[in-house]
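Residue 46 in full-length UniProt numbering sits at position 46 of the sequence shown; the count goes up by one each step and never skips.
Glycine included, C-beta positions come from ideal geometry on N, C-alpha and C.
Just so we're clear, the structure is a prediction, and the values are computed from it rather than from any experiment.
See below for the structure under consideration.
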Amino acid sequence: LYARLWQLVNATNERFWRFALSPSTTELMQYTVYRSGDRGTYDWHEDVGFRSETAARMVSVSVQLSEADSYRGGDLVLRVGRQEMAAPRKAGTAIVFPSHVTHRVTPVTEGERHALVLWLQVDDGSADDEP
1 LYARLWQLVN ATNERFWRFA LSPSTTELMQ YTVYRSGDRG TYDWHEDVGF RSETAARMVS
61 VSVQLSEADS YRGGDLVLRV GRQEMAAPRK AGTAIVFPSH VTHRVTPVTE GERHALVLWL
121 QVDDGSADDE P
């Protein structure tokens, strides 16, 4: 799965940003469940931060695991400039975006939304390129 996602990230990166990335800078995937019972949500944020473990993040990936009709709400929304764009909800869709882009997950009001999330950090040349 990592190798397949790396191919997608690499192709997207080459086309749009050309960040210095390598497969070895991929963080461990995070499996996330947003539940309606606790109104699963994640407010506006960026994935890059000032803490050492997030400061080098360049690219974020969110893989939609749930079928679109299995939950209500729970939209991944990206803010680009003044525009807000909801990501596709089709199961298997991978959304690749720069980690500095502000985004959120709206409250799940019915069912559960399942997603895999991972991040790639800038390659400073200290790691090898094995996936």
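Exercise. Where leucine 123 and threonine 25 are concerned, what is the direct C-alpha to C-alpha distance, given to the nearest angstrom?
Worked result: With the sequence shown as reference, residue 123 is identified as aspartate, and leucine is not the correct amino acid for it. Going by the C-alpha atoms only, they are around 6 Å apart.
Exercise. Leaving out five residues before and five after alanine 68 in sequence, what residues of the same chain have Cβ atoms less than 8 Å from its Cβ?
Worked result: The answer, listed in chain order, is Arg89, Lys90 and Ala91.
For this session: Give me the Cα-Cα distance between alanine 86 and alanine 55, rounded to the nearest whole angstrom.
Result: Approximately 26 Å between the Cα atoms of the pair.
For this session: Pull up the distance between the alpha-carbon of leucine 118 and that of glutamate 110, whole angstroms please.
Result: Looking at the two C-alpha atoms, the distance is approximately 25 Å.
Problem set entry | Boundaries of the alpha helix (DSSP H) in which threonine 109 is found, first to last residue | Careful: threonine 109 lies outside any alpha helix (DSSP H), inside the beta strand (DSSP E) at 108-121.
Exercise. Should serine 52 go down as buried or exposed, given a rule of 16 or more other Cβ atoms within 10 Å for buried?
Worked result: Burial call: exposed.
Exercise. Per the contact definition of three or more C-beta pairs closer than 8 Å, is the region 100-114 in contact with the region 65-80?
Worked result: Yes: the two stretches touch, three or more of their Cβ pairs being nearer than 8 Å.
For this session: Output yes if chain D places a C-beta closer than 9 Å to the C-beta of alanine 11; else output no.
Result: Among the protein chains of the structure shown there is no chain D, as only one such chain exists.
For this session: Taking 9 Å as the cut-off, decide whether the C-beta atoms of serine 99 and valine 63 are in contact.
Result: Not in contact: serine 99 and valine 63 (Cβ atoms no closer than 9 Å).
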